[in-house]
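The structure appears below as structure tokens.
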Amino acid sequence: MVRVRFAPSPTGYLHLGNARTALFNYIFAKHNNGKLVLRIEDTDRERSKKEYEDMLIDDLKWLGVEWDEGVDKGGEFAPYRQSERTEIYKEYIEKLKQSGHIYKCYCTPEELEEERKKALAEKRPPRYSGKCRNLTEEERKKLEAEGRSYVWRFRVPDGETIIFEDLIKGIVEINVNEFGDFVIVRSDGSPVYNFVVVIDDALMKITHVIRGEDHLSNTPKQILIYRALNFEVPKFAHLPIILGEDKSKLSKRHGAVSVRAFRDEGYLSEAMFNGLALLGWHPKEDNEVLSKEEIIKEFKIEDIHNAPAVFDRAKLRWLNSVYIREKLDLDDLTKRAIPFFKKFGYFGDYEYYKKVLDVIRDSLEVLNDIKDRAYPFFIEDYSIEEGLEFIQSETGKEVIKRFYEKIKDRENIDRNDFKKITKEIQKELKVKGKNLFMPIRVALTGKTSGVDLSLLVEVIGKEKTLKRLERILNIV
RNA sequence: GCCCCCGUCGUCUAGCCAGGCCUAGGACACCGGCCUUUCACGCCGGCGACACGGGUUCGAAUCCCGUCGGGGGCACCA
Numbered sequence: 005m006v007r008v009r010f011a012p013s014p015t016g017y018l019h020l021g022n023a024r025t026a027l028f029n030y031i032f033a034k035h036n037n038g039k040l041v042l043r044i045e046d047t048d049r050e051r052s053k054k055e056y057e058d059m060l061i062d063d064l065k066w067l068g069v070e071w072d073e074g075v076d077k078g079g080e081f082a083p084y085r086q087s088e089r090t091e092i093y094k095e096y097i098e099k100l101k102q103s104g105h106i107y108k109c110y111c112t113p114e115e116l117e118e119e120r121k122k123a124l125a126e127k128r129p130p131r132y133s134g135k136c137r138n139l140t141e142e143e144r145k146k147l148e149a150e151g152r153s154y155v156w157r158f159r160v161p162d163g164e165t166i167i168f169e170d171l172i173k174g175i176v177e178i179n180v181n182e183f184g185d186f187v188i189v190r191s192d193g194s195p196v197y198n199f200v201v202v203i204d205d206a207l208m209k210i211t212h213v214i215r216g217e218d219h220l221s222n223t224p225k226q227i228l229i230y231r232a233l234n235f236e237v238p239k240f241a242h243l244p245i246i247l248g249e250d251k252s253k254l255s256k257r258h259g260a261v262s263v264r265a266f267r268d269e270g271y272l273s274e275a276m277f278n279g280l281a282l283l284g285w286h287p288k289e290d291n292e293v294l295s296k297e298e299i300i301k302e303f304k305i306e307d308i309h310n311a312p313a314v315f316d317r318a319k320l321r322w323l324n325s326v327y328i329r330e331k332l333d334l335d336d337l338t339k340r341a342i343p344f345f346k347k348f349g350y351f352g353d354y355e356y357y358k359k360v361l362d363v364i365r366d367s368l369e370v371l372n373d374i375k376d377r378a379y380p381f382f383i384e385d386y387s388i389e390e391g392l393e394f395i396q397s398e399t400g401k402e403v404i405k406r407f408y409e410k411i412k413d414r415e416n417i418d419r420n421d422f423k424k425i426t427k428e429i430q431k432e433l434k435v436k437g438k439n440l441f442m443p444i445r446v447a448l449t450g451k452t453s454g455v456d457l458s459l460l461v462e463v464i465g466k467e468k469t470l471k472r473l474e475r476i477l478n479i480v
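Counted from 1, the first sequence has number 274 at position 270 by the numbering used here; the numbering is strictly sequential.
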């Protein structure tokens with residue numbers, strides 16, 4: 005049984021990079037009929053906040069990532085919040101003490117900093133010297149008498165090369181001398197990430213650890229801990245990270261990078277899911293617009309491209325537009341779009357929103373585009389922003405007048421009526437093309453571009469159309 | 001500085017492991033055309049890459065070595 009986990013630390017909104025990690029874990033789990041565990045890594049009390057946890061969960065659900073066990077739903081291996089697992093960690097720290105894998109280190113941060121600088125100056129890798137590694141009982145007593153606090157360090161076997169097979173990177177070899185004896189328990193008694201992550205993954209029977217490439221160099225430390233505790237070492241897969249336009253790790257500097265921000269801008273979760281999956285992974289067929297189910301079906305973790313990927317906003321926008329105009333049915337789209345209409349102060353009933361969307365959906369990339377594309381359906385006191393000359397010219401005015409006269413006494417006006425009427429005006433006044441339509445367009449919308457006029461008129465109806473024309477006729 | 005990972009169009013990538021089918025395929029973006037009252041959509045076309053240098057080989061994007069470049073990591077953060 006495949007078991008994977010997504011283990012974010014609740015320090016802010018769900019970041020795109022984390023979202024993608026969660027996504028790949030989910031896809032991998034589902035592809036293999038396995039389980040996904042949501043664990044919260046809140047051992048860093050400084051930065052972790054409970055409300056972030058709820059946001060994280062909310063964003064994950066919105067994205068379409070579903071887990072089988074976790075903080076909010078419990079499970080066989082609860083608790084799933086690290087801050088609630090301290091007793092468990094103590095137990096395993098105790099084991100490491102018994103087996104002699106860890107030892108007390110009394111060095112102060114200042115001393116360590118000193119060593120570090122010295123090492124750097126001598127161009128040696130800045131790692132712990134192992135000074136307290138073989139302290140005698142007496143020396144220890146003495147240091148403790150001085151009132152020194154201590155941390156527990158892991159006794160790293162000198163010179164060993166840790167070799168593991170990464171599902172994405174292939175064989176990775178790292179010599180442990182790179183890092184030296186590392187801290188397992190802080191001076192305040194709290195265990196450190198590299199330790200708890202191993203305990204949790206092992207106890208939760210995680211079979212595949214799929215995470216960001218930034219964890220690659222931590223992996224040997226963790227393997228050492230697995231071995232020391234006689235735990236089975238899981239398989240690892242390190243995802244290449246996501247880069248910003250400038251090719252550095254995607255961060256807040258690159259603008260909106262939380263999935264929340266994309267959601268607020270009017271990206272659809274399906275497009276987000278699809279787009280994130282396409283960062284580093286590619287379907288065998290060339291069709292890139294794929295549903296969650298299709299992605300899950302086709303996904304192979306070995307197929308993940310192993311070079312870091314620059315996040316492509318333009319492509320995500322395009323993908324989103326495909327979902328808006330082709331993938332969602334009108335009712336579904338309407339439901340999702342309503343909050344956006346309201347946000348922009350465009351009020352109407354469900355049916356009206358639906359009609360508007362039917363005619364503008366082809367021009368939307370994100371739901372926020374509703375602001376610009378839908379205003380002619382809602383705003384009556386618009387100003388003439390461009391094309392003033394079309395309504396000021398003699399023929400322009402005449403076109404508008406005739407148009408007004410011809411619809412004044414009608415019951416209503418639909419798209420076909422509009423075409424008939426403009427055809428009549430064309431014959432009567434001998435104007436066509438731009439000179440025929442622009443005056444009407446500018447009069448009705450205040451702009452020289454936008455929706456098809458026959459559709460606009462049909463949707464807003466006769467009354468509004470007349471009112472708008474009257475207003476313009478009075479101005480010019 | 002040291003270690004690790006990586007290097008195909010501007011971007012995401014296919015191809016690389018099992019060398020010839022690659023005058024390197026697709027998608028986004030961009031440019032041009034068509035459709036059209038405008039915008040958008042759609043359709044057609046164009047531009048555009050194997051980082052560089054050595055090998056190995058009849059033949060290399062594919063294998064080997066080096067260089068350069070990019071990224072990540074080197075915490076009592078996760």
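Ideal Cβ positions, reconstructed from N, Cα and C, are used throughout, including at glycine. Predicted model, so just to flag it, every value in this text is computed and none were measured.
Span of the beta strand (DSSP E) around residue i
i, result
"V200", "Looking at the DSSP string, V200 is not in any beta strand (DSSP E); the run it does join, the alpha helix (DSSP H), is 197–207."
"R43", "Premise fails: R43 is in no beta strand (DSSP E) and is neither H nor E."
"E506", "Given that the chain is displayed from residue 5 to residue 480, the structure contains no residue 506 and the question cannot be resolved."
"I178", "174–179"
"F407", "Unbroken run through F407 is the alpha helix (DSSP H), 398–412; no beta strand (DSSP E)."
"E169", "165–170"
"I299", "It is not in any beta strand (DSSP E) - I299 instead sits in the alpha helix (DSSP H) that spans 296–302."
"I188", "187–189"
N-terminal and C-terminal residue of the alpha helix (DSSP H) that residue i is part of
i, result
"T449", "438–449"
"A241", "That residue, A241, is in no alpha helix (DSSP H); its beta strand (DSSP E) goes 239–243."
"G21", "20–35"
"F344", "334–347"
"T90", "90–103"
"Y132", "Note, Y132: premise wrong, no alpha helix (DSSP H); not H, not E."
"N278", "273–281"
"V261", "Note, V261: premise wrong, no alpha helix (DSSP H); not H, not E."
"R472", "457–479"
"P224", "223–232"
"R377", "374–378"
Residue closest to residue i, alpha-carbon to alpha-carbon, out of the options
i, options, result
"L207", "P312, V180, I417, V237", "V237"
"S194", "K239, I92, P129, A281", "I92"
"L233", "V202, H219, L27, R131", "V202"
"P244", "L371, L272, R231, I214", "I214"
"R377", "L361, E384, D385, I388", "L361"
"Q86", "L100, D205, V403", "D205"
"R264", "T25, L64, K468", "L64"
"E177", "L171, T165, I188", "T165"
"T449", "K468, E289, D421, E217", "K468"
"F240", "T426, R43, T223, L27", "T223"
"F381", "K401, I404, Y357", "Y357"
Assigned exposure category for residue i - 16 Cβ within 10 Å defines buried
i, result
"A311", "exposed"
"R472", "buried"
"K122", "exposed"
"G465", "exposed"
"P129", "exposed"
"R414", "exposed"
"L124", "exposed"
"A149", "exposed"
"K146", "exposed"
Close Cβ partners of residue i (< 8 Å) along its chain, the five nearest in sequence each way excluded
i, result
"T2", "Since the first residue shown for the chain is 5 and the last is 480, residue 2 is missing from the structure and cannot be characterised."
"K54", "P14"
"V6", "F32, A33, N36, N37, G38, K39, T211, H212"
"K319", "G279, L282"
Per DSSP, the bridge partner or partners of residue i
i, result
"S153", "Per DSSP, none; premise fails for S153."
"I481", "Because the chain spans 5 through 480 in this model, residue 481 falls outside it and cannot be assessed."
"I106", "F158"
"H212", "K239"
"I364", "In the DSSP output, where bridge partners are listed per residue, I364 has none listed."
"E73", "V41"
"R85", "I44"
"R7", "K39"
"K253", "L247"
Beta-carbon proximity list for residue i, same chain, < 6 Å, skipping 5 on both sides
i, result
"G248", "L254, H258"
"K4", "Since the first residue shown for the chain is 5 and the last is 480, residue 4 is missing from the structure and cannot be characterised."
"E73", "V41, G79"
"R406", "I429"
"E88", "none"
7 Å Cβ shell around residue i - same chain, five flanking residues per side excluded
i, result
"K108", "C136, R144, Y154, W156"
"G184", "R131, Y132, G134, V160"
"K346", "none"
"K359", "V463"
"F344", "G270, L371, N372, I374"
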